[in-house]
Amino acid sequence: MTASTQGFQLRSGSRVLGNMVELLSSMRFAISLLTVICIASVIGTVVKQHEPLNNYVNQFGPFWAEVFGKAGLFTVYSVWWFLLILAFLVISTSLCIVRNTPKIFADFKAFKENIREQSLKSFPHRAESTLAEPPEAAAHRVGQTLLASGWRVKLQSRALSDGQGWMVAAKKGTANKIGYLAAHSAIVLVCIGGLLDGDLIVRAQMWFNGKSSFSGGGMIADVPAQHRLSPSNPTFRGNLLVTEGTSSSTAILSQSDGVLLQELPFSVELKKFIVEYYDTGMPKLFASDIVIHDHETGEKKPARVEVNHPANHRGINIYQSSFDDGGSKVSLQAYPMGAVVAPFEISGVIGGSSSLTNGDSKLTLEYTGLRVINVENFSQDDSAATDVRKVDLRESIESRLGSGHKTVTEKKLRNVGPSITYKLRDAAGQAVEFHNYMLPMELDGARVYLMGARETPSEPMRYLRVPVDDKDGIEGFVRLRSALADPAMRAQAVKRYAALAVEPDKPELGQALEASAQRAISLFAGAEKLPPAKDAPPGADAEIRGGLPAVSAFLESNVPEAERERASEVLVRILNGTLFELAQLGREKAGLAPLPRDDATQQFMSRAVLSLSDSFYYPAPMTFQLKDFQHVQASVFQVARAPGQTIVYLGCVLLILGVFAMLYVRERRVWIWLAPGADGHSQASMALSSNRKTMESDQEFEQLKTQLLKVNA
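Residue numbers 1290 to 2002, in the numbering used here, belong to the letters of the sequence shown in order.
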């Protein structure tokens, strides 16, 4: 029996209906649907599903994000066309099975013993011989030999004009046909299980039961009933976030236009969340010790949930999905980065926000994340800390390929302590994201604080390096930055620098130096408006806010190119001296002892000048350093009621058995025609057929010739 790609052929009815039924029940249609589903599954694997729309806009751009969104590529497994194709595949494959099953079972029972003698001569494997025994005795001998070798045998007697002939028909490996039914039945079962465990039941409740997605905010208890699914919902899959010491009984089902709330017949209480890390900072183990409170019986069932080790209650599996911050309390210290603003302290909760006032403008401080462990790579070959949480596949592969003596640079991993992530949002809704480390770290031989900022999530963090002072803190730099923003202190520092650099008996030289120092410090502080560059487009100089770029722009506009290098050296020397006096004034104002004129102070001032220059481009008037925190963890569970899971498992078993049967079981049939010959002998004609031409078939035929026809190979 050969499987046909044709479908059912209706013998009556319209031609259009007949063509549709034929197409729907044909194997070629089922294969086409399966191909589309495979492509869609690949898309669903490559493209992250159920992400916020802004993430897709940043990744694909506004145009393609809208196109892909309308096509449902961001929710492939629940989009209507995917479910429709899945349903059509079930129908088409089922019709294929119904159409071919009778033929398969008929072929399974048939020995095809009525084959004609002349037909045996057309087989690739054929042989003829003369046996020294009558046909009947030869037929029984051959039949017994085949039975002993595991063949199923049927003998047929045929009346001839010159006596009686015998046909011996045998077959082996007919389980190959069962593999066809098993594999196709597996596809149907897997698709049915997928439909049951997918969003089809939830969508049906939204279509016919008045349920709708919720896109607002507020407390979960205040969400109306039309956005909630009952505990008796036969199938669902959602997320449940539980903070340590609390319990929850409402799961969140993400939808394309909001969420649905799934009520559970029990509450999950998180007693303790456990997390262990590798040296690289990646989680090695995270688990949750929970107590399940049954709403109906009042039973309290303790359980431990780990990755790949779920808990089960009332047919609902509780999986360990991930972990998150459960509302940690943080205390931040605000330091000015521009205008003269007194430092202040502010407290909040991760996930919350605080209102700030900066003159006439108002800002909102959003506490977005607390990370208590940050493991960074401090190998000597790396000029800066590298985030080892990033997975670079190409770099990982290349580091392990090459010659045998190739070495991989040893990584020096170190936990640099906690960090805080927050956003500053203005009145127009525009936000800038910041990432500041709590503790200083050593980079390029210097201890610095790292303050990261980025304006969009698609950009990498750009870090400002702030050198530590003599107390290993940030206050020295903050005092210097505040003093630089104060015109009175700048003027006082200029006078002090000029007085110390010039002898009292040279007042004219002192005045000239004072004027140069005033110009240098004003340029550096961004207090002096620069003339536009000759070759710069209109408005280009407005981007120069201060720092060393302002000094460089001034020299390019006012000093001939031949004298520019010498003038820059003099101006920078004057600037450094003035900034040193400014730092001393800041310490005097704070009641601290003056800085000693040693190498440590010189290194601090050199790095501080660079940091001050970069600070003019810091996208906020202040920065917030993590001062203290109270870490609260939360566990994210995936809760699922999956009635199709058993069906899918059964389909997978059938698929494995079916594929193995079709690939590794060869169906073979043997016919031996025994006709009367002279002197009581028999004339034997033998043929063998196989569903696959292999070397094993050739060897088996040679063995059968030897055993049955007494023909040497």
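Virtual Cβ for every residue (Gly too), placed ideally from N, Cα, C.
Other residues of its chain near residue i: CB distance less than 7 angstroms, five sequence neighbours each side excluded
i            : result
residue 1560 : 1578, 1579 and 1580
residue 2047 : This structure leaves residue 2047 out entirely; the chain is present only between 1290 and 2002.
residue 1304 : none
Rounded Cβ spacing between residue i and residue j (contact assumed at less than 8 angstroms)
i            : j            : result
residue 1418 : residue 1977 : Their Cβ separation, rounded to whole angstroms, is 14 angstroms, which puts residue 1418 and residue 1977 out of contact at 8 angstroms.
residue 1711 : residue 1764 : Actually they are not in contact, since the Cβ atoms of residue 1711 and residue 1764 sit about 21 angstroms apart, beyond 8 angstroms.
residue 1954 : residue 1465 : 4 angstroms
residue 1912 : residue 1626 : 5 angstroms
residue 1518 : residue 1552 : 7 angstroms
residue 1374 : residue 1326 : 6 angstroms
residue 1772 : residue 1875 : 4 angstroms
residue 1637 : residue 1643 : 5 angstroms
residue 1924 : residue 1349 : Going by Cβ atoms, the distance from residue 1924 to residue 1349 rounds to 32 angstroms, so no, they are not a contact pair.
residue 1996 : residue 1334 : Not confirmed; about 54 angstroms, so no contact.
Buried or exposed (CB count within 10 angstroms, at least 16 for buried), residue i
i            : result
residue 1650 : exposed
residue 1414 : buried
residue 1331 : exposed
residue 1432 : buried
residue 1567 : exposed
residue 1598 : exposed
residue 1725 : buried
residue 1847 : exposed
residue 1600 : buried
residue 1343 : exposed
residue 1680 : Residue placement at residue 1680 is flagged as unreliable, the pLDDT there being 41, under the threshold of 50; the coordinate-derived value follows with that caveat. Label assigned to residue 1680: exposed.
residue 1316 : buried
residue 1663 : buried
residue 1254 : Residue 1254 is absent from the model: the chain starts at 1290 and stops at 2002.
residue 1408 : exposed
residue 1951 : buried
Residue i in three-state terms, based on DSSP
i            : result
residue 1386 : helix
residue 1984 : helix
residue 1351 : helix
residue 1633 : strand
residue 1727 : coil
residue 1517 : strand
residue 1529 : strand
residue 1625 : strand
residue 1448 : strand
residue 1732 : strand
residue 1391 : helix
residue 1369 : helix
residue 1535 : coil
residue 1578 : strand
residue 1598 : strand
residue 1769 : helix
residue 1776 : helix
residue 1496 : helix
residue 1344 : helix
residue 1619 : strand
residue 1913 : strand
residue 1891 : helix
residue 1658 : strand
residue 1613 : strand
residue 1745 : coil
Beta-carbon spacing of residue i, residue j below 8 angstroms
i            : j            : result
residue 1516 : residue 1501 : yes
residue 1489 : residue 1372 : yes
residue 1907 : residue 1742 : yes
residue 1776 : residue 1720 : no
residue 1766 : residue 1812 : no
residue 1947 : residue 1540 : no
residue 1484 : residue 1939 : no
residue 1713 : residue 1914 : no
residue 1864 : residue 1840 : yes
residue 1971 : residue 1423 : yes
residue 1806 : residue 1791 : no
residue 1910 : residue 1347 : no
Neighbourhood of residue i by C-beta distance below 8 angstroms, restricted to the same chain and skipping five residues each side
i            : result
residue 1751 : 1741, 1742 and 1743
residue 1693 : Only weak support is given to the placement of residue 1693: the predicted model assigns it a pLDDT of 43, under 50, and the value that follows is read from those uncertain coordinates. If we look at residue 1693 and ignore the five residues flanking it on each side, it has no Cβ neighbours.
residue 1382 : 1319, 1473, 1476, 1477 and 1480
Cβ neighbours of residue i in the same chain (closer than 6 angstroms, five flanking residues each side left out)
i            : result
residue 1929 : 1526 and 1606
residue 1456 : 1402, 1445 and 1962
residue 1538 : 1553 and 1556
residue 1869 : 1894
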